[in-house]
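The sequence shown begins at 0 in numbering that gives the first Met the number 0 and counts up one residue at a time.
We put the beta carbon where it would ideally sit given N, CA and C, even for glycine.
Everything on this sheet refers to the single structure shown next.
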Amino acid sequence: MLRSNESAVSGILLGYIASIINYSMAVIYFTVLTRFISLEDYGYYNALLSIAGIISMFFPTLGID
């Protein structure tokens, strides 16, 4: 039987930390996108993807994680 050095609680916490980092990067990306770069220059497609990433913080069933 294989034994892991990682406990179940630390695995769950590491998963939450990774999710928090991903969601905070989506918020930073959206902020930079809307504050410093005009949508015409950057593109509406990328803006929609970043908005969908932020929405997936609350509704993770959208498939964008």
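- Between the segment 48 to 59 and the segment 21 to 37, the count of C-beta pairs closer than 8 Å reaches three or more; the two stretches touch.
- Less than 8 Å divides the Cβ of Asn-45 from the Cβ of Leu-32.
- When DSSP states are grouped into helix, strand and coil, Met-24 belongs to the helix group.
- If you look at Ser-49, you'll find it in the alpha helix (DSSP H) that goes 43 to 54.
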